[in-house]
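All remarks here apply to the structure that follows.
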Amino acid sequence: METSLGKNKQETGIFQKKMKVKRRKDSWHLYLMLLPAVIIIGTFSYGPMFGLVMAFQDYKPYLGIRGSEWIGLENFKYLFEYPQSREVIWNTLRFAFMKLFFSTLVTISFALLINELRVKWIRYPVQTMVFLPHFLSWVVLGGIFKEMLTPGTGIVNQFIERLGFESIFFLGENSWFVATVVATDVWKGFGYGSILYLASMAGINPALYEAAEMDGAGRWKKMWYVTIPELIPVIMLVTTINLAFMMSGDFDQIFNLYSPLVYEKGDIIDTFVYRVGLIDLNYGFAAAVGFFKSIVGTIMIITAFTVFTKLSGRKAR
Amino acid sequence: MKTKLRSYGLFDYFNIVLMLFLGAICVLPLLHVVALSFSSSPAVLSNQVYFWPVEFTTAAYQRAFEDPQLLKSFWVSIKRVCLGVSIGLFVTCMAGYVLSKGGGRDGIAGHKFFIIFFIFALLFNGGLIPTYLLITNMGLYNSIWAIVLPGLTNVFYIILIMNFFSTLPKSLEESAFLDGANHFQVFYKIYLPLSVPVVATVGLFMVVFEWNEFFAGQIYMKADNVPLSTFIKSAITLPDFSTSDPEELQKLNFRSISSAQVVFAALPILALFPVLQKFFTRGIVIGGVKE
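As you go down the protein sequences, you meet chains S and G in turn. Residues in the first sequence are numbered consecutively from 26, following the numbering used here. Residues in the second sequence are numbered consecutively from -5, following the numbering used here.
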C-alpha cells in the first residue's frame, strides 16, 4: 500500500482526487463481497459457540436451550470424576504425542534420505507413490486396513504366519490398536509432509555445500552440518502447526478403524462425544466434553504459536 | 563433477532399496484391494490373491452395482462436490480479495475486526453437539445443504488466497480503476485470471475434502440420501447377507464386494491423482512459505 501511495504522488492531483472519490463510493462493494464468507463463518462457526451454554445445562431437546434447567458446572464435575472420560482424555493425548513424534521423525528422515538419492530417475516415481495415501479418505483406508489386518485371512497376518509367528489382531487388541493407529497415520502422511522439507532443501544455497566440501566434509557431514541446520526453521514451523492442531483431526481415522473391542485404549474425545451425545443423546454432558477439548485445543494453538514467534524472532529465519 | 565420478557406496544401494520399499508400501495396500475386487470368489476365499487378480472377473462390481443405493449415493456426492466447490471457491476468493486490500484508503474500515473474526473461528469452535443441534434446528436435516453449507469456506483457504492476492502488482488495478472499473470487475477480470494456479489448488483441496468427507452425511442425512463415502462406510461395516442362495454366496463373497465398493469410492481421487499431485506440490509450497 505504501508503494502505491508513492506512485500516486507522481501522478497528477486530479487523478488522485478522482481515485479517492471512486474508492470511497465503491467500498460498499467490498463489504458486499465479504458478506457471504462472514455469514457462513458467523452461522456455522460462531453459531455453535453460543450453543455451548448447554454445557452448563441439563439439556433436554424438547425444552431447548431456553427451557432447559441450569446446573452450573455439574457436567464438568462429572467429566473429571467419570473414569471413562479421564481415560478418553489420556488416550487423546497419547495418540497426539505419539503421532507427532513418529510422523515428524519419519517425515524428516524420508526427506533427507530421498534427497541423498543419487539415482535421480527413481526419485520421481517414489515421490509419486508415497504421495498417494494422503488423498485417500479414512473410509477407503479403513476398508483396506480392515481387509488386510484381519487375523487368518488378511494379507499381513498371512505373511506373519508364514514367517512362523502367531497372527495378530491389530484392530481388536488394545495394545496393538494404538500401534496400528500411529503407524497408519504416519504411513498416510509422511509422503505429503516431506514436500515442504524437500522444497526447502532445494532452496539451500549451494555455496554452503561447496564451502563444506572445501573443508573436507563428506556427504554425511554435509547433511549433518548444512542441510539439517538450514532446515531447522521449517521443522520448527511445521512442528508448531502440527502441535497446534494435534487435538483435532483424529476422528475420521479412529472412527473408521475402531470397534467396541478397543474402546479402552482407542476411544478419543471426539469419538466419545459422538457416542455420548448423538448415540446416547446425553447432549449436555457431550457438549461439556467438547467444550473442554476446544479450550485445551485453543490453549495449545496459542501456546505453540507464541513459543514459535519467540524462538523464530530470536533466531531470525 | 567430483561427486558424479564417485562410485556408488553401500549407503547408496541401501538408500535405493529403502526408498523403493517405502514407495511400495504406500501403493501395495491399494493394489491388493483392487486385485481382490477383480478376483473370483474361490480364489479370494482360499487366500490366493496378493497384488494381481486371480481368475479375473468383474462379478463383485456387478454385485455392488445391483444395489441402487450405490449410484444414488454417487449422484449425491457429485452434487455435493459441484455445489460445494463452485460456491465455496467463489465465496473464499471474494473474501480473500477484500481482505488482501487491507484497511485504510484501499480497503475497508474494520479490516482488523474481520481478520480477528476469521482467525478466532480457526482457533475455537463449538464442537460437535452444538453444531449438530444448530444445523438440525435450522431445518437442514436430510437436505443437501446440510452437508454443503457448513463446509463452504475454510479460513485457511481465505488466508492462502489473501496472501497470494496481496502479492499481485497494485499498478494493474490502479489503471483499471482509472479506466472506470469497479471492485467486482477488478476481482473478476484481473485478480482471478492472474491467480489460476492458486485458485485451482484451493479448488482441488475442496474437491478432495468434499469427496472424502463422510461424517456430515452420516449425521445429517437419511440412509437413502447419503453421499458415497458415507454409504461405503456403512456398507463395509455391515455385511449384506440379503442373498441367502448358497450358490450365489459361494460365487461372491463379502470381501470381494466390499473391496469393489472401496475401489469405487477411491476411483475419482485416483483419476484426479496426476493433476492433484502437480497442484498440491505447488500449493503446499506456496502456502507453507507464505505462512
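Beta carbons: idealized from backbone N, C-alpha and C, even for Gly.
message = Here's the rule I'm using: 16 or more other beta-carbon atoms within 10 Å means buried, otherwise exposed. How should G:Lys(-2) be labelled?
response = Residue confidence is low: G:Lys(-2) scores 49 on pLDDT, short of 50, so the model does not pin down where it sits. Its coordinate-derived value is still stated next. Its Cβ having fewer than 16 others within 10 Å, G:Lys(-2) is exposed.
request  = With DSSP collapsed to three states, give me the class of S:Gln82.
outcome  = strand
query = What span of residues does the alpha helix (DSSP H) with G:Trp69 cover, start to end?
reply = 62 to 94
inquiry  = For a contact defined as C-beta to C-beta under 8 Å, what are the partners of S:Lys318 on chain G?
reply    = In chain order: Gly121.
request  = Pick helix, strand or coil for S:Trp201, following the three-state DSSP scheme.
outcome  = helix
request  = Under 6 Å Cβ to Cβ from S:Pro176, same chain only, skipping five residues before and after it: list those, please.
outcome  = Asn182, Ser192, Phe194
query = Can you find at least 3 beta carbon pairs, one from the region 204 to 211 of chain S and one from the region 270 to 286 of chain S, that sit closer than 8 Å?
reply = yes
key: Start-to-end residues for the alpha helix (DSSP H) that takes in G:Asn9   = 4 to 31
ask   = chain S partners of G:Leu146, CB-CB under 7 Å?
value = Ile65
ask   = To the nearest angstrom, how far is it from the Cα of G:Thr51 to the Cα of G:Met88?
value = 50 Å
ask   = Using the beta-carbon count (16 or more within 10 Å), is S:Trp212 buried or exposed?
value = buried
query = Is there contact here, the region 92 to 102 of chain S with the region 300 to 318 of chain S, by at least three beta-carbon pairs under 8 Å?
reply = yes
request  = Would you list, in chain order, the members of the region 172 to 191 of chain S that have their beta-carbon closer than 8 Å to a beta-carbon of chain G?
outcome  = Glu172, Met173, Thr178, Ile180, Gln183
query = From what residue to what residue does the alpha helix (DSSP H) around S:Glu191 run?
reply = Run containing S:Glu191: none; DSSP gives neither H nor E here.
G:Tyr55 beta carbon less than 8 Å from that of G:Ala259 = With respect to G:Tyr55, G:Ala259 sits apart: the two C-beta atoms are not nearer than 8 Å.
query = Using a C-beta cutoff of 8 Å, does S:Met261 count as contacting chain G?
reply = By this cut-off, S:Met261 is not an interface position.
inquiry  = Would the region 168 to 184 of chain G count as touching the region 87 to 96 of chain S if we require 3 or more Cβ pairs under 8 Å?
reply    = no
query = For the region 120 to 148 of chain S, which residues have a beta carbon sitting closer than 7 Å to at least one beta carbon of chain G?
reply = Phe135, Leu138, Ile139, Glu141, Leu142, Arg143, Val144, Ile147
key: Backbone secondary structure at G:Glu207 - three-state DSSP   = In this structure, DSSP gives G:Glu207 a state outside helix and strand, which the three-state scheme calls coil.
request  = Verify whether the separation of the beta carbon atoms of S:Asn116 and S:Lys290 is less than 8 Å.
outcome  = yes
task = Given a cut-off of 8 Å, decide if G:Met132 and G:Gly90 are closer than it, judged by their beta-carbon atoms.
result = no
key: Per-residue burial, G:Arg249 [other beta carbons within 10 Å of its own, 16 or more giving buried]   = buried
message = For a contact defined as C-beta to C-beta under 9 Å, what are the partners of G:Phe59 on chain S?
response = The premise fails here: G:Phe59 is roughly 17 Å from chain S at the closest Cβ pair, so nothing lies under 9 Å.
ask   = So who's on the other strand from S:Trp7, going by DSSP bridges?
value = The first residue shown for chain S is 26 and the last is 342, placing residue 7 of chain S beyond what the model contains.
Listed by chain order, chain S residues near G:Met156 by CB distance under 7 Å = Residues of chain S passing the Cβ test: none, with the nearest at roughly 11 Å.
request  = Taking only the alpha-carbon atoms, compute the straight-line gap between G:Leu360 and G:Pro144 and give it to the nearest angstrom.
outcome  = Any question about residue 360 of chain G goes unanswered here, given that chain G covers just -5 to 285.
key: Beta-carbon proximity check, G:Tyr185 vs G:Leu162, cutoff 8 Å   = yes
query = Since S:Leu303 meets chain C, which of its residues come closer than 8 Å, beta carbon to beta carbon?
reply = Among the protein chains of the structure shown, namely S and G, there is no chain C.
query = Taking just the CA atoms, how far does G:Tyr2 sit from G:Cys76?
reply = 51 Å
ask   = In chain G, what lies closer than 8 Å to S:Val298 by C-beta?
value = Gly121, Leu122, Ile123
Selected residue, minimal CA-CA separation from S:Phe120, among S:Arg143, S:Leu104, S:Leu268, S:Phe170 = Per the Cα distances, S:Leu268.
ask   = In whole angstroms, what is the alpha-carbon distance linking G:Gly104 and S:Gly67?
value = 16 Å
ask   = Should S:Gly197 and S:Leu286 be called a contact, given that it needs their Cβ atoms to be closer than 8 Å?
value = yes
query = Is G:Met(-5) close to chain S, meaning its C-beta is less than 8 Å from at least one C-beta of that chain?
reply = Reliability fails at G:Met(-5), whose pLDDT of 41 lies under 50, so the model's placement of it is uncertain and no value is given.
request  = Compare the C-alpha of S:Ala136 against each of S:Phe156, S:Phe316, S:Ile180, S:Met123 and name the closest.
outcome  = It is S:Phe156.
key: G:Leu146, DSSP secondary structure in three states   = Per DSSP, reduced to three states, the secondary structure at G:Leu146 is coil, with no helix or strand assignment.
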